[in-house]
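Visitor: Below: one structure in structure tokens.
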Amino acid sequence: MDNKRKRELRLKRHARLRKKVKGTGDKPRLAVFKSARHFYAQIIDDASSHTLLAASTLTGDLKLDVEKPNSTAAAEKVGVYIAKKAREKGIEKVVFDHGGFGYHGKIKKFADKAREAGLKF
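The numbering used here puts the first residue of the sequence shown at 6, with every later residue one more than the last.
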């Protein structure tokens, strides 16, 4: 399967998921994205269309700490980082949006570390 077709299928899955998953002020959406080189996460309030927090392997604190930005270890560090920042802002509960990616590998490790660091979803 070529890369264009894989991307189309992922976007279809993500659209199906987004019909069901909505972030509110009380329970914002934790959205993740992984590219070929980096891992990204955002906490979004869909009701007001605002990104409350964002973290990635390009974030200043994490960029220096991560050797391989597209590894499972990097995804785990982004999970811990965004969970700590969310707790500082008073966000405890979120709705998880895995972006159409399968819930295994980097996505699962990210989610597990975010839960361990204090986010509830």
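Even glycine gets a Cβ: it sits at the ideal position worked out from N, Cα and C. Bear in mind the structure is a predicted one, so any value in this text is a computation, not a measurement.
Using beta-carbon positions only, say whether residue 124 and residue 79 come within less than 8 Å of one another.
Guide: In the sequence shown, the residue the question calls residue 124 occupies position 119. In the sequence shown, the residue the question calls residue 79 occupies position 74. No, the pair does not count as a contact, with Cβ atoms beyond the cut-off.
Visitor: If we count the other Cβ atoms within 10 Å of its Cβ and call it buried at 16 or more, is residue 45 buried or exposed?
Guide: Mapped onto the sequence shown, residue 45 falls at position 40. Buried: at least 16 other Cβ atoms inside 10 Å.
Visitor: Could you give the C-beta distance for residue 16 and residue 105, rounded to a whole number, given that I count them as a contact under 8 Å?
Guide: Taking the first residue of the sequence shown as position 1, residue 16 is located at position 11. Taking the first residue of the sequence shown as position 1, residue 105 is located at position 100. Correct: roughly 6 Å between the Cβ atoms.
Visitor: Can you tell me whether residue 54 is buried or exposed? The criterion is at least 16 other CB atoms within 10 Å of its CB, across all chains shown.
Guide: Residue 54 sits at position 49 when you count from the first residue of the sequence shown. Exposed: under 16 other Cβ atoms inside 10 Å.
Visitor: Going by DSSP, what residue range makes up the beta strand (DSSP E) through residue 77?
Guide: As a first step, residue 77 must be located in the sequence shown, where it is residue number 72. Counting along the chain, residue 77 falls outside any beta strand (DSSP E), though it belongs to the alpha helix (DSSP H) covering 77 to 93.
Visitor: Mind checking which residues open and close the alpha helix (DSSP H) that includes residue 66?
Guide: Along the sequence shown, one-based indexing puts residue 66 at 61. Element bounds for residue 66: 65 to 70.
Visitor: Looking only at its own chain, which residues have a Cβ that is under 6 Å from the Cβ of residue 2, when we skip the five neighbours before and after it?
Guide: The structure shown does not extend to residue 2, since the chain is modelled only from 6 to 126, so the question has no answer here.
Visitor: I need the straight-line Cα distance from residue 66 to residue 13, nearest angstrom please.
Guide: As a position in the sequence shown, residue 66 is number 61, starting the count at 1. As a position in the sequence shown, residue 13 is number 8, starting the count at 1. Going from the Cα of residue 66 to the Cα of residue 13 covers about 33 Å.
Visitor: May I ask you to report which of helix, strand or coil DSSP gives residue 19?
Guide: By one-based count along the sequence shown, residue 19 stands at place 14. Correct three-state label for residue 19: helix.
Visitor: State the DSSP-derived secondary structure class of residue 7, mapped to helix, strand or coil.
Guide: If you number the sequence shown from 1, residue 7 lands on position 2. Correct three-state label for residue 7: coil.
Visitor: Given a cut-off of 8 Å, decide if residue 118 and residue 81 are closer than it, judged by their beta-carbon atoms.
Guide: Stepping through the sequence shown from its first residue, residue 81 is reached at position 76. Stepping through the sequence shown from its first residue, residue 118 is reached at position 113. In this structure, residue 118 lies closer than 8 Å to residue 81 by Cβ.
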